[in-house]
Amino acid sequence: MAATQVVDITEQAKPKELFLQKVHSWLTTVDHKKIGIMYIVYALFFLVVAGAMALVIRIQLMVPNNHFVSPQVFNRMFTMHGTTMVFFVGMPILFGFGNYLVPLMIGARDMAFPRMNAFTFWISALGGILLYFSYLGGDGLYGAGSAPDVGWFAYAPLTERVFSPGHSTDYWTLSLLLTGIGSVGTSINIMATIISMRCKGMTMGRLPLLPWLYFVMSFLVLVAIGPLTAAQVMLLLDRYLGAHFFDTQAGGSAVLWVHFFWIFGHPEVYVLVLPAFAFANEIIPVFSRKAIFGYPAMVAATVAIGFISLSVWAHHMFTIGMGPGANTFFTLSTMIIAVPTGIKIFNWLATLWGGKISFKSPMLFCVAFLFQFLIAGLTGIMLSAAPFDWQLGNSYFVIAHFHYVLVGAILFCIFGAFYYWYPKAMGRMMSERLAKWHFWLMVIGFHLTFDFMHVPGLLGMPRRIYTYEADRGWESWNIIVGVGAVFQAVATLIFVYNLISSYYKGEIAGRDPWDAWTLEWATSSPPPAYNFALEPSVGSRRPLWDIKHPEDPDSSYE
Amino acid sequence: MATIVDYPANMFNPAATPAHAIFGVSMFVLAMTGAIFVLVTGLLIYALVRFRQRAGDTGDPVQIFGSNQIETSWTVIPLLLVLMLFLTAARVILSTERVTKPVAAVDVDVIGHQFWWEYRYPKLGIITANEIHVPISDPKHPTPTFLEMSSVDVIHSFWIPRLAGKMDLVPNRVNPMWFDPEKTGLYLGQCAQYCGTQHAKMLLRVYVDSPEDFATWVAQQQKPAVAPADAATAEGKAVFEANACVNCHRVQGTTSKGAFGPDLTHLASRDTIASGAIPNTPENLRKWIADPNEMKPGALMPAMRLNDHDLDAVTKYMTSLR
Numbered sequence: 002m003a004a005t006q007v008v009d010i011t012e013q014a015k016p017k018e019l020f021l022q023k024v025h026s027w028l029t030t031v032d033h034k035k036i037g038i039m040y041i042v043y044a045l046f047f048l049v050v051a052g053a054m055a056l057v058i059r060i061q062l063m064v065p066n067n068h069f070v071s072p073q074v075f076n077r078m079f080t081m082h083g084t085t086m087v088f089f090v091g092m093p094i095l096f097g098f099g100n101y102l103v104p105l106m107i108g109a110r111d112m113a114f115p116r117m118n119a120f121t122f123w124i125s126a127l128g129g130i131l132l133y134f135s136y137l138g139g140d141g142l143y144g145a146g147s148a149p150d151v152g153w154f155a156y157a158p159l160t161e162r163v164f165s166p167g168h169s170t171d172y173w174t175l176s177l178l179l180t181g182i183g184s185v186g187t188s189i190n191i192m193a194t195i196i197s198m199r200c201k202g203m204t205m206g207r208l209p210l211l212p213w214l215y216f217v218m219s220f221l222v223l224v225a226i227g228p229l230t231a232a233q234v235m236l237l238l239d240r241y242l243g244a245h246f247f248d249t250q251a252g253g254s255a256v257l258w259v260h261f262f263w264i265f266g267h268p269e270v271y272v273l274v275l276p277a278f279a280f281a282n283e284i285i286p287v288f289s290r291k292a293i294f295g296y297p298a299m300v301a302a303t304v305a306i307g308f309i310s311l312s313v314w315a316h317h318m319f320t321i322g323m324g325p326g327a328n329t330f331f332t333l334s335t336m337i338i339a340v341p342t343g344i345k346i347f348n349w350l351a352t353l354w355g356g357k358i359s360f361k362s363p364m365l366f367c368v369a370f371l372f373q374f375l376i377a378g379l380t381g382i383m384l385s386a387a388p389f390d391w392q393l394g395n396s397y398f399v400i401a402h403f404h405y406v407l408v409g410a411i412l413f414c415i416f417g418a419f420y421y422w423y424p425k426a427m428g429r430m431m432s433e434r435l436a437k438w439h440f441w442l443m444v445i446g447f448h449l450t451f452d453f454m455h456v457p458g459l460l461g462m463p464r465r466i467y468t469y470e471a472d473r474g475w476e477s478w479n480i481i482v483g484v485g486a487v488f489q490a491v492a493t494l495i496f497v498y499n500l501i502s503s504y505y506k507g508e509i510a511g512r513d514p515w516d517a518w519t520l521e522w523a524t525s526s527p528p529p530a531y532n533f534a535l536e537p538s539v540g541s542r543r544p545l546w547d548i549k550h551p552e553d554p555d556s557s558y559e
Numbered sequence: 011m012a013t014i015v016d017y018p019a020n021m022f023n024p025a026a027t028p029a030h031a032i033f034g035v036s037m038f039v040l041a042m043t044g045a046i047f048v049l050v051t052g053l054l055i056y057a058l059v060r061f062r063q064r065a066g067d068t069g070d071p072v073q074i075f076g077s078n079q080i081e082t083s084w085t086v087i088p089l090l091l092v093l094m095l096f097l098t099a100a101r102v103i104l105s106t107e108r109v110t111k112p113v114a115a116v117d118v119d120v121i122g123h124q125f126w127w128e129y130r131y132p133k134l135g136i137i138t139a140n141e142i143h144v145p146i147s148d149p150k151h152p153t154p155t156f157l158e159m160s161s162v163d164v165i166h167s168f169w170i171p172r173l174a175g176k177m178d179l180v181p182n183r184v185n186p187m188w189f190d191p192e193k194t195g196l197y198l199g200q201c202a203q204y205c206g207t208q209h210a211k212m213l214l215r216v217y218v219d220s221p222e223d224f225a226t227w228v229a230q231q232q233k234p235a236v237a238p239a240d241a242a243t244a245e246g247k248a249v250f251e252a253n254a255c256v257n258c259h260r261v262q263g264t265t266s267k268g269a270f271g272p273d274l275t276h277l278a279s280r281d282t283i284a285s286g287a288i289p290n291t292p293e294n295l296r297k298w299i300a301d302p303n304e305m306k307p308g309a310l311m312p313a314m315r316l317n318d319h320d321l322d323a324v325t326k327y328m329t330s331l332r
């Protein structure tokens, strides 16, 4: 009886609000849905800004000894591009989707700690603003500095006061400390919500894969942010209170920073990729019309990836001189993580197998994700072999590899997630016609840029160089890479236009436009503030499948 | 038509044992990942085509939730592949990093600076900068070059792809590296760890010489500076020694004993200045001395603010230091 009462068909009454009332309601909201949207809009803004920086970088590198920007400006560009994309695009956009979807998918009314949710958003937002304020305030006493120019991983002792005078490095440190608060708070919220607010009947074994993956991702954030925070505090102590943790002139250790950073940095990239997997886990089954193949293995593989990712960090340090023992260990641990990752790819393939695949916009992006993530994983395996990394580490091959993951896998899944859940959040479908333009331009641009970017790495081009010599043979590849960047920029602008115009002109979505199976599709589009009028009660992993197929419910098989 | 010489830093054109070993393992890795790519992509494309929803075909297909046998096999097989890959890589790690230095090896200390390379040959009494000469190594009587590397400031990285993988120069730490070049020639590379404004122009030039040419080079480098042969050059030396130049630069056999900048004793014997970034011609040298930041913005050598006469004199002196 309780299963049929899951669906809320109450029509939402919309009172007329003054503009200032609207602004006030957003500024003071503790509703996970509004906070989720704010995270996402914030991240989209920075995506465009950091994307513009990438275009500047690629134009400067189109030809050898170019003078489009000075070395000082270039070095700030790549530092800000990386820092922004990881901390002010990747993390917020993924936390935004998690904030929006996790309570809905577990049948909860909101997150466990709504006020902390709001606090962590605003403090993260402050972090981003602080980082960009460095363009104005970074000069410090010496008239040196500006935005940080030490690379997004800010290796010591380059970040010590003697080599980075002014305050640019401090803006890097402080803004990331702020945004770290946001990450930790949201992770606590996600884990507490999933543990204690699942609706009736939803055991952990019936949790949809998206909340499962966000659960593991939140665990990783809680473990990994500590080392980064500690290192940043040590750096501040070095810079201002006379400590010498990383001050090699006084006997400190440069390698210490590198260890601390990558103990954070490697789990961080899994923090970024697990939500992308989460989106694929929801979209691929719905558009193949088949349940995900091997749910228990998918959960086990995710947990395995979470734990193993804590043990691979020094594959970023194969060239720092750790010695054969450590190089061998980290080669092994990194190669092992390929096994659960491969299991996921095979499970997605098996989900498609025997299905009825439809190529609507969310699925287009997830299909591209499958091909691209496979390649990204394979170049990762190449880099995991320490000797190969001795050549390719810190080269354009690495840049190509990680952009293959960040753009080819993660960003593509994020685009898919937008097309899939926008109808739920906004009540309107996005334009499929514009989506196809977005998709194909993005695919062409992505492959032009990042396929060909592997080659200069193999031909000896290191990363973070503002120019290069004409006699190295890198020029033609850099030109192709630059052309692809322009395609991607146009594609992204089409996407942003689609987001805005669909809000006003999109076809009304209805409650369940994709004929999907998880709880968020059981309430109206957009959901009411309280999500569900009655607490849902579920008997399987796909409660809406059970309602739509009473003759063949999942509960008979699980 | 591009040829292999158009790619001087190509790791797939190895010319020394460490680079050869890496080439071998990389071929194996590429073959294995290539095969996996073909297999999985093939299956993906097949699935996407074969299982497309046909028009008018509504209704959901048979739901399959998993298969223990299939899932076990695609766990075990990758584990075995990983094991194979790991053992191959481990072998090269050990063969490269656990070596005993032959008695006839050439020892070079490499010290990284922002934005240039300092080279010292402790057993030969040579100090030079930016261009390194080493002998080829005959496998029957090996004379490999063994480098001990560190930095005075930030982390740098020494990368000559045709000779070996890269190794970082870390301040307050010494990292060893070696290579045994098998062909004479000039090998190019550059700093591979971001080290500040002019990281991009911290270029590497390794000259691999025949044993005879190497001996000639060593003999020349071991000599103190050439004394000025005429009045103009002597005047240049006087200007050099009266200015702040001597605070940073060393010219062996004179009173210039600065250690912060490159050793200039045999500057005129080098093909390039500014760590490989600028050809070593009198015009370029003069421009460099006038204001290094014009040519390499962010270089740590300040503009010397010499008048034209002194500038000409010092340049003449520098070009005499063969």
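Residue numbers (the working numbering), protein chains in the order written: chain L, 2 to 559; chain H, 11 to 332.
C-beta: ideal position from N, C-alpha, C; glycine also.
Beta bridge counterpart(s) of residue i as assigned by DSSP
i	result
glutamate 141 (chain H)	H:Arg215
lysine 267 (chain H)	H:Arg260
glutamine 200 (chain H)	H:Leu213
histidine 166 (chain H)	H:Leu179
serine 538 (chain L)	L:Lys201
serine 396 (chain L)	L:Pro463
Range of the contiguous beta strand (DSSP E) that encloses residue i
i	result
aspartate 178 (chain H)	177-179
tryptophan 123 (chain L)	Segment 115-138 is the alpha helix (DSSP H) holding tryptophan 123 (chain L); no beta strand (DSSP E) there.
phenylalanine 189 (chain H)	185-189
histidine 123 (chain H)	116-123
arginine 130 (chain H)	126-131
Whole-angstrom C-beta distance between residue j and residue i, which should lie under 8 Å
i	j	result
valine 147 (chain H)	alanine 202 (chain H)	The residue asked about is misnamed: residue 147 (chain H) is serine in this sequence, not valine. Rounded, the Cβ-Cβ distance is 23 Å, inconsistent with contact.
serine 254 (chain L)	asparagine 182 (chain H)	7 Å
alanine 401 (chain L)	phenylalanine 370 (chain L)	Alanine 401 (chain L) to phenylalanine 370 (chain L), Cβ: 17 Å. No contact.
arginine 110 (chain L)	valine 31 (chain L)	So it is not a contact: roughly 12 Å between Cβ atoms.
serine 147 (chain L)	serine 169 (chain L)	6 Å
threonine 106 (chain L)	histidine 33 (chain L)	The sequence shown places methionine at residue 106 (chain L), not threonine. About 12 Å separates the two Cβ atoms, so there is no contact after all.
tyrosine 101 (chain L)	isoleucine 195 (chain L)	Actually they do not touch by this definition, with Cβ atoms about 14 Å apart.
C-beta contact flag for residue i and residue j at 9 Å
i	j	result
cysteine 200 (chain L)	glutamate 559 (chain L)	no
valine 224 (chain L)	proline 268 (chain L)	yes
phenylalanine 134 (chain L)	proline 93 (chain L)	no
threonine 187 (chain L)	valine 222 (chain L)	yes
serine 310 (chain L)	threonine 352 (chain L)	no
threonine 493 (chain L)	arginine 512 (chain L)	no
leucine 458 (chain L)	serine 538 (chain L)	Reading off the sequence, residue 458 (chain L) comes out as glycine, not leucine. No, the Cβ-Cβ distance between glycine 458 (chain L) and serine 538 (chain L) is not below 9 Å.
tyrosine 420 (chain L)	tryptophan 258 (chain L)	no
glutamine 73 (chain L)	proline 307 (chain H)	yes
histidine 276 (chain H)	glutamine 231 (chain H)	yes
alanine 305 (chain L)	phenylalanine 331 (chain L)	no
threonine 282 (chain H)	arginine 215 (chain H)	yes
Limits of the alpha helix (DSSP H) - the one that residue i falls within
i	result
arginine 332 (chain H)	Premise fails: arginine 332 (chain H) is in no alpha helix (DSSP H) and is neither H nor E.
tryptophan 153 (chain L)	Run containing tryptophan 153 (chain L): none; DSSP gives neither H nor E here.
methionine 159 (chain H)	It is not in any alpha helix (DSSP H) - methionine 159 (chain H) instead sits in the beta strand (DSSP E) that spans 155-161.
tryptophan 438 (chain L)	433-453
lysine 34 (chain L)	33-61
Short CB-CB distance (under 9 Å) between residue i and chain A
i	result
histidine 209 (chain H)	Considering every chain present, this structure includes no chain A. Its protein chains are L and H.
- the stretch 170-181 of chain L contacting the stretch 171-180 of chain H, beta-carbon criterion three pairs below 8 Å: no
- Within the chosen definition, does the stretch 246-253 of chain H reach the stretch 281-299 of chain H through at least 3 CB pairs nearer than 8 Å? no
- Say whether the stretch 514-528 of chain L touches the stretch 451-463 of chain L, bearing in mind that this needs 3 or more beta-carbon pairs closer than 8 Å, one atom from each stretch. no
- Evaluate the contact criterion for the stretch 342-355 of chain L versus the stretch 389-405 of chain L: three or more CB pairs, one atom per stretch, below 8 Å. no
- Between the stretch 327-338 of chain L and the stretch 76-88 of chain H, are three or more C-beta pairs nearer than 8 Å? no
- Message: Quick check: the stretch 122-135 of chain H against the stretch 156-164 of chain H, are at least 3 beta-carbon pairs closer than 8 Å?
- Response: yes
- Decide if the stretch 22-30 of chain H is in contact with the stretch 188-205 of chain H; the criterion is three or more beta carbon pairs, one per stretch, under 8 Å apart. yes
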